[in-house]
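What follows is one structure encoded as structure tokens, with my remarks underneath.
2 protein chains.
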Amino acid sequence: MTVETLRWRNNQLEMIDQRCLPSVIQFLPCSDAQTVAEGIKQMVVRGAPAIGVAAAYGVALEAQKLASLPREDFVERMARAFDVLAASRPTAVNLFWALKRMRIRFYEHSKNENLFVARLLLDEAHAIYHEDIETNKRMGVFGASILDDGMCILTHCNAGALATAGHGTALGVIRSAVAEGKKITVFADETRPFLQGARLTAWELSEDGIDTTLITDNMAGHFMKSGEIDAVIVGTDRIAANGDVANKIGTYMVAVLAKEHNIPVYVACPLSTIDLSIPSGDDIPIEERSSSEVTGYGDIQWAPENIKVRNPSFDITPASLITALITEQGIVYAPNKKKLEALF
Amino acid sequence: MTVETLRWRNNQLEMIDQRCLPSVIQFLPCSDAQTVAEGIKQMVVRGAPAIGVAAAYGVALEAQKLASLPREDFVERMARAFDVLAASRPTAVNLFWALKRMRIRFYEHSKNENLFVARLLLDEAHAIYHEDIETNKRMGVFGASILDDGMCILTHCNAGALATAGHGTALGVIRSAVAEGKKITVFADETRPFLQGARLTAWELSEDGIDTTLITDNMAGHFMKSGEIDAVIVGTDRIAANGDVANKIGTYMVAVLAKEHNIPVYVACPLSTIDLSIPSGDDIPIEERSSSEVTGYGDIQWAPENIKVRNPSFDITPASLITALITEQGIVYAPNKKKLEALF
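Heads up: the sequence lines are chains A and B, in that order. Anchor point for the first sequence: position 121 equals 1310 in the working numbering, and the numbering is continuous, going up by one each time. Anchor point for the second sequence: position 249 equals 1438 in the working numbering, and the numbering is continuous, going up by one each time.
This is the structure we're talking about:
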């Protein structure tokens, strides 16, 4: 299977609607920045690298749409589009990384004709898309080298093809190990409340024929204790300069449990996810989403009316609980500020 | 609010159907052991003490139903009823404790007329019911004495009025503390897959006006790290002789997280939950339930078709992670074999 998370068709971006997977496979067509931003906000597309790629296309689409405007209006409305996209979600840094790259491209060439600029921006979005897949494949090779034949991997949330332009970060490592002929089995945490594990990871891995077992999040400790899990591999939405990792809510729980059982915790992260401007995890903004995600699923509400809810979408795992980062430049054991700075 | 988990009406047992709570409040009438056993198996009634009480009524109902049979048939079919009830769920020991008590009563008087025996068995079931509430209130008083005004308690699953004949074990402690005038707030883990926390704990506590916040199970670590949780209180389905605790899947996760954050873990348990015949938690049978509980909710399936699933309903928390047991005879700090034996 090749999952098409994002695809460029007829001068539009099409996003697979991840809210309906795996039961319904449908694509949302986007022809401007606003639609892309709304798609990110509503989690039509999610996963830090995929959000970055989508935002880049959002900029390109907006430029295409506005190209016939007078220069001043074009520049002003493009600036607004950048702002709208930047406000779509706060935690994943790839969004801001991709927008920064697009903004540099935009201002570099802002003296040129609008149509020319629009074409350059689309080329840049395509480049970000293809580089993301290449990056994931390089991470995959490095990551696969530290996995042994027969290992059982626990993963949390979805850091797969669906979270990226393709191949995946954490799941890319697993895919690469399997491609090398290693027998790898996977436990997938269902990852409440949005169920990325149950809906997305379970789906994309089993479509690829990788032996995957779905569990609820609260079973991870039980299966670590029973000796059935050999390693944890997750993705990340942002890594601070000191190596603290922001990732899907529950990652911290998994990391504490892994420490209790002497199980290594690997974080697959492209360099675009490392944010040296932020000293520690305490400084990473944590998005709180709607209570309706917690009180039920879809149209069903199972919790009592008016119950108070907390719904942080991410948590921070301190660097001390991370065995190694898997990057496209190699494995970084016991990550810290010095080692992260050396990557750039 | 007085939640009526189990009630005796018109010579029948009525169980509130906990599968539909809180959206629908309806009672399942039971007039024989088979219906009670099926109600336990299907989780119409759940919670270790409530299962014990229900099973006792199941025996009494069967005796009432069979009283007109010849003596030999009566005795033989009653033996079958005990077996059917004992096979309904494997982990909670209160079931076997209550059946043992009913069996002693039955054989003590098996020389008497069937109708007389049936009446004695009903009296015994009523006694077990009322003793359960009294036990919970005594535990409540002891438990409340170790909670401070202003504390925020994390609880997992439902060890409330709905898990017992009334008042609750873990939630009974919270209720008693609140009744003493202490301001106690609660975080309730939703407790996948059956959502006892979201559906039952959130409901019965908010009906009582106790300040309750619902979270997904994988958020517990995050809120411990942020300093918002002062203590953990849970119930239990069986405690082995060495103090190991079987309880709802995820309890072990909560206990490991609590250790990481120096947060005390209290287990509210009537003595009927302590099983001295079982040396350690490794010997407690862990029920695995249907995969459909994990792949979706109600009629909705969100996971892909044919995905492999594991669904252990309980896990074992080693005694070393338990700060204290709260029993009807007092608080047992750092539980071990010697201290548990001394309770009997």
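For each residue, glycine too, the CB sits at the ideal point set by N, CA and C. Here the structure is a predicted model, which means the values were calculated and not measured.
| Item | Value |
| --- | --- |
| Look at the alpha carbon of Val1367 of chain B and the alpha carbon of Gly1329 of chain B, and state the distance between them as a whole number of angstroms. | 10 Å |
| How would you list, in chain order, the residues of chain B whose beta-carbon sits under 7 Å from the beta-carbon of Ile1452 of chain A? | Here the premise fails: no neighbours, minimum Cβ distance about 12 Å. |
| Between which two residues does the alpha helix (DSSP H) containing Ala1237 of chain A stretch? | 1237-1255 |
| Restricting to Cα atoms, I'd like to know which of A:Met1232, A:Phe1295, A:Ala1243 is closest to Arg1260 of chain A. | A:Phe1295 |
| Does Ser1509 of chain A get closer than 9 Å to chain B when you measure Cβ to Cβ? | no |
| Do Arg1499 of chain B and Val1521 of chain B come within 9 Å of each other at the CB atom, strictly closer than that value? | no |
| State the Cα-Cα distance for the pair Leu1529 of chain A and Gly1470 of chain A, rounded to the nearest angstrom. | 14 Å |
| Which bits of chain B does His1411 of chain A rub up against, with CB to CB less than 7 Å? | Ile1438, Tyr1441, Pro1501, Asp1504 |
| Interface residues of chain A around Pro1382 of chain B at Cβ under 8 Å? | Thr1405 |
| Taking the straight line between their C-alpha atoms, what separation do you get for Ala1447 of chain B and Lys1326 of chain A? | 38 Å |
| Mind checking Glu1517 of chain A: buried by the 16 CB within 10 Å criterion, or exposed? | buried |
| Per DSSP, which one or two residues make a beta bridge with Asn1436 of chain B? | B:Asp1504 |
| Interface residues of chain A around Pro1493 of chain B at Cβ under 7 Å? | Pro1211, Ala1391, Trp1392, Ser1395 |
| In whole angstroms, give me the CA-to-CA distance for Ala1359 of chain B and Gly1349 of chain B. | 6 Å |
| Look up Ile1511 of chain B in the DSSP assignment and say whether it is helix, strand or coil. | coil |
| What in chain A is Cβ-close to Leu1309 of chain B, meaning under 7 Å? | Per Cβ cutoff of 7 Å: no residues; Leu1309 of chain B is ~41 Å from chain A at best. |
| How is Gly1349 of chain B classed by DSSP in three states: helix, strand or coil? | coil |
| Using a Cβ-Cβ distance under 9 Å, would Val1423 of chain B count as near chain A? | no |
| What in chain A is Cβ-close to Thr1402 of chain B, meaning under 9 Å? | Ile1496, Lys1497, Val1498, Arg1499 |
| Could you work out which residues of chain A lie near Tyr1486 of chain B, taking near to mean beta carbons separated by less than 8 Å? | Tyr1486, Ile1489, Trp1491 |
| Can you give the Cα-Cα distance for Glu1417 of chain B and Ala1508 of chain B, rounded to whole angstroms? | 25 Å |
| Quick one: Cα of Ala1513 of chain A to Cα of Ala1523 of chain A, how far? | 6 Å |
| Name, in chain order, the residues that DSSP records as bridge partners for Val1521 of chain A. | A:Leu1514 |
| Closer than 9 Å, CB to CB, is Arg1427 of chain A near chain B or not? | no |
| Report the three-state DSSP secondary structure of Gln1215 of chain B (helix, strand or coil). | coil |
| Taking CB distances under 9 Å as the criterion, tell me whether Ala1387 of chain B reaches chain A. | yes |
| Counting only beta-carbon atoms, is Met1408 of chain B nearer than 9 Å to chain A? | yes |
| Terminal residues of the continuous beta strand (DSSP E) containing Arg1499 of chain B? | Arg1499 of chain B -> no beta strand (DSSP E), and no H or E assigned at all. |
| Over what stretch of residues does the beta strand (DSSP E) that includes Glu1261 of chain B continue unbroken? | Not the beta strand (DSSP E): Glu1261 of chain B falls in the alpha helix (DSSP H), residues 1260-1275. |
| Using only alpha-carbon positions, find the residue among B:Gln1253, B:Ser1466, B:Pro1279, B:Asp1221 that is nearest to Ala1237 of chain B. | B:Pro1279 |
| How big is the Cα-Cα spacing for Val1306 of chain B and Asn1495 of chain A? | 49 Å |
| Would you tell me roughly how many angstroms separate the C-alpha atoms of Trp1286 of chain A and Gly1241 of chain A, rounded to the nearest one? | 7 Å |
| Is any beta-carbon of chain A found at less than 9 Å from that of Glu1476 of chain B? | no |
| Could you pull out every residue in the same chain whose Cβ sits closer than 8 Å to the Cβ of Arg1208 of chain B, ignoring the five residues on either side in sequence? | Gln1231, Met1232, Val1233 |
| Could you tell me whether any Cβ in chain A is nearer than 9 Å to the Cβ of Val1483 of chain B? | yes |
| Distance, Cα to Cα, Thr1380 of chain A vs Asn1407 of chain B? | 8 Å |
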